[in-house]
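Numbering (the numbering used here), first residue to last: 9 to 72. Down below is the structure, laid out as structure tokens.
Spelled out as structure tokens, the structure:
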């Protein structure tokens, strides 16, 4: 998800996306712990995406 797409989301949509990405991250980490996944960079990308979403959420909450 690009930053321009993230900025267009509402607070509720950001919270839903954070929850979904967190679940995705957890599944990737479990899969990687059992046997190495094909592309371990997915874990890093997912963590960074969660950080982007949380940053935008915080900025919107402060702007309120």
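From the three backbone atoms N, C-alpha and C, an ideal C-beta is built for every residue, glycine too. Keep in mind that this is a model prediction, so the values were computed, not measured.
Note to self: Given the structure, does residue 65 come close to the ligand NAP, in the sense that its CB is under 6 Å from one of the ligand's heavy atoms?
What the structure shows: This structure lacks the ligand NAP, and indeed carries no ligand of any kind.
Next item on the list: From the DSSP output, in three-state form, read off residue 58 for me.
Entry: helix
Checklist line | Cβ shell of residue 68 (< 6 Å), same chain only, five flanking positions each side left out | finding: 19
Item checked: 7 Å Cβ cutoff met for residue 33 and residue 12 -> no
Next item on the list: May I ask which residues mark the beginning and end of the alpha helix (DSSP H) holding residue 21?
Entry: 19-42
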